[in-house]
Every structure is written in structure tokens, then in C-alpha cells.
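Data first, discussion second: the structure below is written as C-alpha cells.
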Amino acid sequence: MSYNRFASVYDALMHDAPYDEWEAYLQGEVKGGSLLDVGCGTGELAVRFARTGFQVTGIDLSDDMLAIAHEKAAANGMNIPLFQQDMRELEGIGLFDTAVIFCDSLNYLQTEDAVKQTFQAVFDHLKEDGLFLFDVHSSFKMNKVFLAQTFADAAEDISFIWNSFPGEHPNSVEHELTFFVQTESGDYERFDELHYQRTFGTEKYAQWLKEAGFTVEAITADFTNDAPTSESERIFFKARKSSR
Numbered sequence: 006m007s008y009n010r011f012a013s014v015y016d017a018l019m020h021d022a023p024y025d026e027w028e029a030y031l032q033g034e035v036k037g038g039s040l041l042d043v044g045c046g047t048g049e050l051a052v053r054f055a056r057t058g059f060q061v062t063g064i065d066l067s068d069d070m071l072a073i074a075h076e077k078a079a080a081n082g083m084n085i086p087l088f089q090q091d092m093r094e095l096e097g098i099g100l101f102d103t104a105v106i107f108c109d110s111l112n113y114l115q116t117e118d119a120v121k122q123t124f125q126a127v128f129d130h131l132k133e134d135g136l137f138l139f140d141v142h143s144s145f146k147m148n149k150v151f152l153a154q155t156f157a158d159a160a161e162d163i164s165f166i167w168n169s170f171p172g173e174h175p176n177s178v179e180h181e182l183t184f185f186v187q188t189e190s191g192d193y194e195r196f197d198e199l200h201y202q203r204t205f206g207t208e209k210y211a212q213w214l215k216e217a218g219f220t221v222e223a224i225t226a227d228f229t230n231d232a233p234t235s236e237s238e239r240i241f242f243k244a245r246k247s248s249r
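In this note's numbering, the protein residues as written are 6 to 249.
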């Protein structure tokens with residue numbers, strides 16, 4: 006999986022993502038304070054969170070994503086600290102009141118150990134009583150939504166075709182994306198991306214959170230306060246750093 010070309014088209018791909026809902030979800034759970042945005046990507050949510058009063062720090066694996074996030078922050082008159090780090094190995098960034106991993110970034114971790122390492126890293130970078138919020142794709146979305154259709158969009162400067170195929174592991178998919186990007190000459194350049202996502206059951210996520218030291222306070226679905234059902238597509242976890 007490569008991010009250098011993908012970063013340049015990410016915002017076009019995500020133009021209809023539910024950013025307003027993620028913002029409202031966070032504000033419904035916590036008001037202000039220091040916030041670690043893990044897997045911040047191009048900074049769309051980080052800028053929104055900073056605008057509403059959070060002291061945001063962002064981390065992402067991709068320097069190219071972070072470069073765009075820096076440009077967004079600067080364009081909005083913000084100075085958001087941004088660090089190139091693996092979410093499994095956070096270090097040297099201090100302690101935070103709240104940490105979030107939104108936009109299914111956690112689904113890019115391919116193994117159980119990687120998820121466990123991330124939970125522990127987040128735990129270690131939260132203040133006592135700190136809050137951890139994240140969302141993941143459900144198994145229903147992996148197996149019934151992604152694999153049931155082709156996604157496509159055609160704009161004047163960027164077009165894409167997005168197909169998903171069963172992955173190697175249960176509840177995993179491989180996303181095959183083909184982009185056509187207009188160049189300065191007016192011609193179109195094609196490039197391809199292959200992305201892998203995997204999810205696990207809610208019971209496993211809850212178990213791993215508890216093993217890391219968290220108390221699980223809520224498991225909800227699809228930006229509501231309702232418990233997940235067999236056809237929920239996005240599962241939200243709310244966990245609190247507990248005293249050991």
C-alpha cells in the first residue's frame with residue numbers, strides 16, 4: 006500500500022465522508038481539552054476539532070498526508086502539531102485528555118497483535134481518566150456492503166473506480182482503486198492503489214481494550230446511541246483509561 010500518490014487524491018475520494026457526524030459525535034462525548042487524532046490523514050477532522058476548541062495533535066504514518074494536513078491547518082490560521090508515527094508505536098508526544106481514531110483508520114491494521122499494540126500505545130499516552138473513542142467497519146459492511154458493489158465517481162479533474170474483493174483473512178477486504186487524474190496538459194494520468202482492511206468482532210475489540218487497561222463505557226453503531234445490530238455498518242467504541 007502506497008500513500009504518496011493516494012494522498013493527493015484522498016480528499017476527492019472522501020468528499021462525501023460523514024465528517025459532520027464525526028465532529029458531532031466527538032462534541033457529544035467531550036468538550037475541549039487536549040486531543041490526539043491518530044491516523045489524522047490530510048487533517049480534515051483535526052482542523053475541525055481545533056476550530057471547536059480542542060488542542061489537537063495529529064499523527065499519521067504518511068508524510069504526504071501530513072504535508073496536506075499542515076497546509077490545511079496553515080490555511081485556517083492554525084498551528085497543529087503533526088508527527089509522522091506508526092499508531093502502534095507512539096512516542097514523545099505527551100499525554101492527552103482524549104484520543105480518537107476515526108474514519109476506520111484502525112481497520113488498516115492487519116493483525117490482532119497490531120490492534121493490541123495500538124490500544125496499549127493509546128493507553129500509555131492518555132492522562133488518568135482519559136477518553137478513547139474510535140470506530141471500525143462492521144463485519145456486515147466488510148462482507149455485504151463492500152463486496153456487493155462497485156463504487157465510481159467521475160469529475161472533471163479526478164475520476165476513480167473502486168472495486169473490493171475478499172481478503173486473505175475472515176472479515177477482510179482488498180480495495181482495488183484506479184484513478185484518472187487530469188494533468189496540466191489536459192491529459193489524464195492513470196495510477197492504481199491496493200488497500201487492505203480487516204475488522205474483528207465487537208467482543209474481541211472490547212476484550213483487547215480491557216487487556217490494555219481500559220474500561221469500556223459504550224459500544225454503539227452508525228453515529229447513534231443504539232447498540233450494534235447484525236446490519237450496522239460502523240461500530241463506535243468509548244473507553245476510559247482506568248487506574249491500575
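Think of the CB as a built atom: it goes at the ideal place given N, C-alpha and C, for glycine as much as any other residue.
Segment limits, beta strand (DSSP E) that includes residue i
{"i": "Arg239", "result": "Arg239 to Lys246"}
{"i": "Gly38", "result": "Gly38 to Val43"}
{"i": "Thr103", "result": "Phe101 to Ile106"}
{"i": "Ile224", "result": "Phe219 to Ala226"}
{"i": "Asp158", "result": "Phe156 to Ala159"}
Cβ neighbour criterion (16 or more within 10 Å) applied to residue i
{"i": "Gly135", "result": "buried"}
{"i": "Phe170", "result": "exposed"}
{"i": "Gln89", "result": "exposed"}
{"i": "Phe242", "result": "buried"}
{"i": "Lys209", "result": "exposed"}
{"i": "Ala244", "result": "buried"}
{"i": "Phe156", "result": "exposed"}
{"i": "Ala51", "result": "buried"}
{"i": "Asp65", "result": "buried"}
{"i": "Thr103", "result": "buried"}
Assigned secondary structure, residue i (DSSP; H/G/I helix, E/B strand, else coil)
{"i": "Ile85", "result": "coil"}
{"i": "Glu173", "result": "coil"}
{"i": "Val186", "result": "strand"}
{"i": "Ser143", "result": "coil"}
{"i": "Ser7", "result": "With a pLDDT of only 43 at Ser7, under 50, the local geometry of the prediction cannot be trusted, and the value read off the model is given with reservation. In this structure, Ser7 counts as coil in the three-state DSSP scheme."}
{"i": "Asn112", "result": "helix"}
{"i": "Val178", "result": "strand"}
Opening and closing residue of the alpha helix (DSSP H) in which residue i lies
{"i": "Gly63", "result": "Gly63 -> not in any alpha helix (DSSP H); beta strand (DSSP E) instead, spanning Phe59 to Asp65."}
{"i": "Arg53", "result": "Glu49 to Arg56"}
{"i": "Phe205", "result": "No alpha helix (DSSP H) contains Phe205, which DSSP labels as neither H nor E."}
{"i": "Ala232", "result": "Segment: none, Ala232 is in no alpha helix (DSSP H) and carries neither H nor E."}
{"i": "Gly46", "result": "From DSSP, Gly46 is part of no alpha helix (DSSP H); its letter is neither H nor E."}
Straight-line gap, residue i to residue j (C-alpha atoms, nearest Å)
{"i": "Ala232", "j": "Phe137", "result": "18 angstroms"}
{"i": "Ser7", "j": "Arg56", "result": "Confidence at Ser7 is low in this model, with a pLDDT of 43, below 50, so the placement of that residue is unreliable and no value is reported for it."}
{"i": "Thr131", "j": "Val221", "result": "Note that residue 131 is Leu in the sequence shown, not Thr. About 15 angstroms."}
{"i": "Tyr30", "j": "Ser190", "result": "43 angstroms"}
{"i": "His75", "j": "Cys45", "result": "11 angstroms"}
{"i": "Arg195", "j": "Gln154", "result": "22 angstroms"}
{"i": "Val14", "j": "Asp21", "result": "13 angstroms"}
{"i": "Leu111", "j": "Ala119", "result": "9 angstroms"}
{"i": "Ala159", "j": "Gln187", "result": "12 angstroms"}
{"i": "Ala226", "j": "Asp192", "result": "43 angstroms"}
{"i": "Tyr113", "j": "Pro86", "result": "23 angstroms"}
{"i": "Trp167", "j": "Glu133", "result": "42 angstroms"}
Test item: CB-CB of residue i and residue j under 9 angstroms
{"i": "Thr123", "j": "Ile98", "result": "no"}
{"i": "Phe54", "j": "Leu71", "result": "no"}
{"i": "Thr207", "j": "Ile224", "result": "yes"}
{"i": "Gly63", "j": "Asp42", "result": "yes"}
{"i": "Ala211", "j": "Lys121", "result": "no"}
{"i": "Asp69", "j": "Gln202", "result": "no"}
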